[in-house]
């Protein structure tokens, strides 16, 4: 599925995507040096999750980018059958 088709589907159905970032920190480093986020933020385990919401705020799906795009792809496929 092309990103243009996905975007058209999202826009035509008045859907909204929210991004949620989970930043994992090393608590020991945080306590030692609170002013230096580079020392306590663990970039290897920082995760980004997306939520796809209806125009009324109902959550349709959430997860990784691939999870949300798989949902959108399945909805587009159902419409074209």
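In my numbering, the protein residues as written are 1 to 81. Beta carbons: idealized from backbone N, C-alpha and C, even for Gly. Small disclaimer: the values here were computed from a predicted structure and weren't measured.
- Between the beta-carbon of residue 71 and that of residue 60 there is about 7 angstroms, and that keeps the pair under the 8 angstroms contact cut.
- Distance from the Cα of residue 30 is smallest, within the candidate group 23, 21 and 41, for 41.
- Taking the Cβ atoms as the reference, residue 46 lies roughly 31 angstroms from residue 14, outside the contact range of under 8 angstroms.
- Counting along the chain, no beta strand (DSSP E) covers residue 15, and no H or E run does either.
- In the DSSP secondary-structure assignment, residue 41 is bridged to 25.
- The C-alpha of residue 28 is placed about 10 angstroms away from the C-alpha of residue 34.
- Selection 11, 7 and 49 evaluated against residue 22 yields 49 as nearest (Cα-Cα).
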